[in-house]
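Let me begin by presenting the structure, written as structure tokens, before commenting on it.
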Amino acid sequence: HFAFDHRDQIHGVQLCVGAAFDFHAGTKIMAPTWKQRN
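The working numbering puts the first residue of the sequence shown at 43, with every later residue one more than the last.
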């Protein structure tokens, strides 16, 4: 919600990546594939 709420104040590109960095760093475990699809 932050990016949407502040879209008028931030002049540039915003990328909403969620937990992608956490998954890549190995600090969070992704849900099983069957759970990701539902």
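Backbone N, C-alpha and C define an ideal beta-carbon position, used for all residues, glycine too.
Proximity of residue i and residue j at Cβ, strictly below 8 angstroms
i: A67; j: Q56; result: no
Other residues of its chain near residue i: CB distance less than 7 angstroms, five sequence neighbours each side excluded
i: A61; result: K70
i: M72; result: F65
i: K77; result: none
Close-in-space but distant-in-sequence residues of the same chain around residue i (CB under 8 angstroms, 5 per side omitted)
i: I52; result: A45
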